[in-house]
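Listed in order, the protein sequences are those of chains A and B. Okay, so the first sequence: first residue is 140 according to this note's numbering, each after it adds one. Okay, so the second sequence: first residue is 394 according to this note's numbering, each after it adds one. In this text, a Cβ means the ideal position worked out from N, Cα and C, and glycines have one as well.
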Amino acid sequence: MAYPSIAIPGQPLGLSSQYASGPGTHVQNAHICASILGPVVEYAQDTKASSGKTRDSPPPVLSVQRSAQLVSNDAALTNVLPEVDAVVLARVTRINPRQATVAILVVGETVCSDEFQGLIRVQDVRATEKDKVKIFSSFRPGDIVRAQVISLGDQSNYYLSTAGNHLGVVMATSDGGNTMYPISWKEFKDPVTGVTESRKVAKPF
Amino acid sequence: MSMNRKNLDSEDTKWELQEFVSGWYEIPAAMTDRRRINGPPGGSSPVIFASSLGIGGRSVKRPSRIRPPDELRKIFLKTGLTPLASGSAYLELSPSANTGETCDSLAPSSSALKLTCAVHGPRPLPRSAPFTPQIQLSTHIKFASFAARQRRGYIRDASERDLAVHLETALRGVIIGNRWPKSSVEVVITVLEGEEDRWWGDETGGGTTGGSAGGWGMMNVLAGCITVASAAIADAGIDCLDLVSGGVAAIVKTPQSQHEAPDRDTDMGEIGKNGRLQLVIDPAPSEHQEIYAACVVGYLSTRDEITELWLKGNIPGTTSFSTPMQMAEVGGLLDKAVEAAVAVRLVLGEAVREAAELKAGQNRNNKE
C-alpha cells in the first residue's frame with residue numbers, strides 16, 4: 140500500500156496509470172491527489188460499466204472518504220448534494236395541478252444537514268399514461284416520497300421523478316391524521332376509518 | 394407628540410426590515426450603527442505615563458527581534474472548535490519571546506495574533522440567487538472591538554472588507570468549485586487579537602523613529618487568515634486542490650549593533666549610519682524600527698502555485714520598479730514570503746491530519 144491511511148488535500152496518492160480517480164480526489168500531473176481530508180480507500184471498479192471494453196481488469200479506484208461531522212452519539216451530518224440519478228427521500232410541502240414541491244431530506248443513505256427544495260412535475264410522476272396523471276391524487280402535503288433526481292434544475296429547485304415501481308409515496312397520513320398502509324400501486328388505506336386514499340405508491344421492498 | 398412618536402416607530406421598523414432583507418449584503422459604511430450603545434468613536438487606549446516614554450530620564454527599551462531572520466513565531470492551530478459550524482479552526486501566534494528585561498510599562502511590548510474561523514456550508518443558495526454551476530464563496534473578516542489598541546466598531550470598515558477580498562482571492566484559487574453546484578459557502582473570521590501596526594511607543598511619539606506608512610500588521614493578519622481559513626475549509630470537507638498557506642516576509646532596518654554575522658541570504662546592504670537592510674520572514678511590526686516593504690503570499694506548496702500576492706512598500710535607494718536591482722529585491726522578498734508559507738504549511742498539514750485521525754477514531758468507536 141503506497142498511499143497513506145489518511146490524506147490531506149493536495150497530497151499525491153498514486154499514479155493515474157495505476158488507479159482511477161474516485162470521489163474526493165483529483166488528477167494533477169498524472170498523479171491522483173486528495174482533494175478532501177479523510178481516510179483513503181481503494182476499491183475495485185464496477186465491472187458492469189466497462190464490460191464492453193477489451194481491457195480485462197479496470198484499475199482499482201482510489202477515493203477519499205468524507206468523514207462525517209459528529210453531532211451526537213448516533214447522528215452524523217455530512218454535506219451532500221443531490222446528484223443526477225441519486226435516489227432521495229423527500230417530504231411533500233405543497234401541491235398544485237402542475238407540480239408537487241418537496242423538501243429533500245435524505246440523499247442516498249446520508250441525511251442532509253440542510254433541506255433542498257425539489258419539484259416533481261406532473262409529467263414525471265409515473266412512466267405510463269402520463270396525460271391522465273393528477274397531482275392531487277398522487278401526492279398530498281406531508282407525504283414522504285422516494286424519488287430520483289433527473290436534473291439539477293433551475294436556480295431554486297432540483298427536478299425529481301417518481302417514474303418507476305420502486306419510486307413514489309412511502310409514508311402517508313390520512314385526512315384523519317392516521318398513518319396509512321399501502322394496499323395497491325395507487326392506494327393507501329387508513330387502518331382506523333377504513334377509508335382509502337389514492338397516491339402514487341412506491342413498491343414496498 | 395404622539396404623532397411624532399409614531400413617525401419614529403415607523404422609521405425604526407423600516408430600518409429593521411431593510412437590514413433583514415439585506416442580510417446577505419454589506420451594510421454600507423455610511424450607515425451608522427443605531428442598534429447598540431457605542432463608545433466614543435476614537436476609542437480609548439491604556440494610559441501611557443510620560444515616565445515610561447523616557448521623558449523623565451529613564452529610557453524605555455523598544456522590543457527587538459531575537460529570533461533569527463528566517464524563523465517563524467510559534468503557531469498554534471486546531472480545527473473543529475466551533476460545534477455549530479460545518480468546519481472551523483483557531484489559530485494563535487505566540488507573542489515574541491521577551492528579551493528578559495523588565496518592562497516599566499504595563500502595555501505589552503508586542504502583540505500576538507488570535508484568529509477564529511468558521512465555515513458555514515456548503516448549503517443551498519438562497520431562493521433569490523441565480524443558478525450557479527460552481528460554489529459561491531463569500532468571506533467575512535471582522536476585528537473584535539478589543540482586537541487592537543485602537544478600538545474597532547461593530548460594523549465592518551473598509552480595511553476589514555479589503556482584507557476579506559484578499560482572502561477570497563486566495564481561497565477562490567484553491568477550491569474546486571464545480572464539485573458543489575448550486576451551493577454557497579461562507580467563511581467567517583473573527584480577529585480576537587490583531588497584530589499592531591507598530592510599537593506603541595512610536596504611536597505616542599516616544600520612539601526613535603516615527604515609522605513610515607502604517608498597515609504592516611494587516612499583512613500578518615491576512616497571512617493568518619489564509620492559513621486558518623484553509624484549515625477550516627479542510628475541516629468542512631470542501632474539495633480543494635491543496636491546502637493554501639499564508640506567508641509574510643519584509644525588508645526591515647536592523648540596527649548595526651544587533652546585526653549578526655552577514656548572511657548572504659537575508660542581508661541586503663547598509664542603510665544610513667548604523668543600520669542594515671535585512672530580509673526577515675514573519676515580521677512582528679512592533680519589533681522592527683522600520684519596515685520598508687512587505688509581501689504576503691497565499692501559496693500552494695504541493696503544486697508550487699501562488700493564489701494571492703500582496704506586495705507593498707518602497708525599498709530605499711531605489712526609485713521605480715523598472716530597475717533590475719529593484720526587481721531582484723522584489724524577487725528575493727517574494728521568495729522569502731513563499732519560504733514562510735512553506736513553513737506554515739507544515740503546521741497546517743499536521744493540524745488537519747491530527748483532526749482527521751481523531752475523527753476517524755471516533756467514527757470507528759461509534760460503529761463498534
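Check: Quick check: A/D282 and A/R230, are their CB atoms within less than 9 angstroms of each other?; Outcome: yes
Check: Kindly indicate which three-state DSSP category B/A629 falls into: helix, strand or coil?; Outcome: helix
Check: Check the Cβ-Cβ distances between A/E336 and every residue of chain B, and say whether any is below 9 angstroms.; Outcome: no
Check: What residues of chain B sit near A/S174, judged by a beta carbon separation below 7 angstroms?; Outcome: I569, D632, C633, L634
Check: Using the Cα positions of A/V340 and B/V580, report the straight-line distance between them to the nearest angstrom.; Outcome: 43 angstroms
Check: Note down, in chain order, every chain B residue with its Cβ under 7 angstroms from the Cβ of A/F255.; Outcome: P517
Check: My guess is that A/Y394 and A/V166 are in contact by the Cβ rule of under 8 angstroms, so how many angstroms apart are they, rounded?; Outcome: The requested residue 394 of chain A is not part of the displayed model; chain A covers only 140 to 344.
Check: Taking C-beta pairs closer than 9 angstroms, name the residues in chain B that A/L291 reaches, listed in chain order.; Outcome: F524, P526, P574, K575
Check: Please report the straight-line C-alpha distance between B/P456 and B/G742, rounded to a whole angstrom.; Outcome: 32 angstroms
Check: Based on the DSSP output, what are the partners of A/I171 in its beta bridges?; Outcome: A/G153, A/V166
Check: So with Cβ pairs under 9 angstroms, would you call B/D628 a contact of chain A?; Outcome: yes
Check: Between which residues of its own chain and B/I569 is the CB-CB distance below 7 angstroms, once the five residues before and five after are set aside?; Outcome: D632, C633, L634
Check: Please list, in chain order, the residues of the segment 681-709 of chain B that have any C-beta partner in chain A closer than 9 angstroms.; Outcome: L693, S694, T695, R696
Check: Would the beta-carbon of B/C688 be found less than 8 angstroms away from any heavy atom of the ligand HEM?; Outcome: The ligand HEM is not among the ligands present in this structure, which contains no ligands whatsoever.
Check: Kindly confirm or deny that the segment 255-275 of chain A and the segment 291-300 of chain A touch, where touching means at least three C-beta pairs closer than 8 angstroms.; Outcome: yes
Check: Any Cβ of chain A within less than 9 angstroms of the Cβ of B/S479?; Outcome: yes
Check: Mind listing the chain B neighbours of A/Q184? Cutoff is C-beta to C-beta under 7 angstroms, in chain order.; Outcome: Ordered by position in chain B, no residue passes the 7 angstroms Cβ test against A/Q184, which lies about 20 angstroms from the chain.
Check: Quick one: Cα of A/K328 to Cα of A/S276, how far?; Outcome: 14 angstroms
Check: Might you give, ordered along the chain, the residues of its own chain that have their beta carbon closer than 6 angstroms to the beta carbon of A/S155, omitting 5 neighbours on each side?; Outcome: V166, A169, I171
Check: Closer than 8 angstroms, Cβ to any Cβ of chain A: which residues of the segment 732-756 of chain B, in chain order?; Outcome: G742, V745, R746, A748, A749, E750, K752, A753, Q755, N756
Check: How about B/R565: is its C-beta nearer than 9 angstroms to some C-beta of chain A?; Outcome: no
Check: Report the CB separation of B/L636 from B/S623 in whole angstroms; it is logged as a contact under 8 angstroms.; Outcome: 5 angstroms
Check: At a Cβ threshold of 9 angstroms, is B/G640 touching chain A?; Outcome: no
Check: Roughly how many angstroms lie between the CA atoms of B/E750 and B/Y692, to the nearest whole one?; Outcome: 25 angstroms
Check: Report yes if the C-beta distance between A/P280 and A/F255 is below 9 angstroms; otherwise report no.; Outcome: no
Check: Give the secondary structure of B/L672 by DSSP, where H, G and I count as helix, E and B as strand, and everything else as coil.; Outcome: strand
Check: Can you check which of these residues, A/T332, A/K325, A/V334, is closest to A/P343 by C-alpha distance?; Outcome: A/K325
Check: Excluding sequence positions up to five away, which residues of its chain have a Cβ less than 7 angstroms from the Cβ of B/R516?; Outcome: S576, S577
Check: Taking B/D555 as part of the alpha helix (DSSP H), name the residues at either end of that continuous run.; Outcome: 551-565
Check: Could you spell out the range, first to last residue, of the beta strand (DSSP E) harbouring A/K325?; Outcome: Looking at the DSSP string, A/K325 is not in any beta strand (DSSP E), and its letter there is neither H nor E.
Check: Would you list, in chain order, the members of the segment 241-252 of chain A that have their beta-carbon closer than 8 angstroms to a beta-carbon of chain B?; Outcome: S252
Check: Report the residue from B/I459, B/N431, B/P523 whose alpha carbon sits nearest the alpha carbon of B/F539.; Outcome: B/N431
Check: Pick from B/N756, B/V737, B/N758, B/G754: whose alpha carbon is nearest that of B/F469?; Outcome: B/V737
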